[in-house]
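Student:
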Amino acid sequence: MTIPRPHDAPDHVADTSIGDLIGNISNDLSQLFRQEVDLAKVEMKQEATKAGKAAGMLGAAGFAGYLAVVLLSFAVVFGLANVMDAGWAALIVAVVWAAVGGVLFVNGRNKLKTVDPVPHRTVDTLKEDAQWLKNPTG
């Protein structure tokens, strides 16, 4: 079966069957899909590179902050050593840091208990999709 030819259509279009047209559409859609996937890969690689650089900077900032806390702690110890024995000064600073660490640990543990690892919305939509596949008209 061939498609009726309009007056200004080229000869090769008029001689193309419906099967060939559907095949061409299928090939074009496959090529379009592959191109979209390739584009997504390139974009994701670019974003991953930017995220990696940002993570590196954040890591370096965390390390710099850690060094600042250590050096400030030493400064507090040496400052307190001017008014008391250096051993007691170091012990006071250590106890303060232990208290800070304990509070942060308890707060972090309590927050961790509220984390739910199950993606409920995704599970619900997957169930809906499965239900629709079983009964697409309902």
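Quick note on our numbering: the sequence shown kicks off at 1 and runs consecutively.
Even for Gly, the Cβ is constructed at its ideal location relative to N, Cα and C.
Just so it is clear, the structure is predicted and the values come from calculations on it, not from any experiment.
1. Kindly give me the distance between the Cβ atoms of SER73 and TRP97, rounded to whole angstroms, as I take these residues to be in contact under 8 Å.
2. Report yes or no: do the stretch 37-45 and the stretch 62-70 share at least 3 C-beta pairs separated by less than 8 Å?
3. In chain order, what residues of the same chain lie with their CB nearer than 6 Å to the CB of LEU80, ignoring the 5 residues before and after it?
4. For VAL76, I'd like the list of residues in its chain whose CB is within less than 7 Å of its CB, leaving aside the five on either flank, ordered along the chain.
5. Look at the alpha carbon of THR125 and the alpha carbon of LYS134, and state the distance between them as a whole number of angstroms.
6. Taking the alpha-carbon positions, what's the GLN131 to VAL118 distance?
Tutor: If we stick to the structure as given:
1. Taking the first residue of the sequence shown as 1, we reach residue 73 at position 73. Taking the first residue of the sequence shown as 1, we reach residue 97 at position 97. SER73 to TRP97, Cβ: 7 Å. Contact.
2. no
3. Position 80 of the sequence shown, counted from the start, is the residue given in the question as residue 80. ALA89, listed in sequence order.
4. Along the sequence shown, one-based indexing puts residue 76 at 76. Closer than 7 Å at the Cβ level, and outside the excluded window around VAL76, lie VAL93.
5. Within the sequence shown, residue 125 is the residue found at index 125, counting from 1. Within the sequence shown, residue 134 is the residue found at index 134, counting from 1. Roughly 14 Å separates the two Cα atoms.
6. The count along the sequence shown starts at 1 and reaches residue 131 at position 131. The count along the sequence shown starts at 1 and reaches residue 118 at position 118. Distance between the alpha carbons of GLN131 and VAL118 is about 20 Å.
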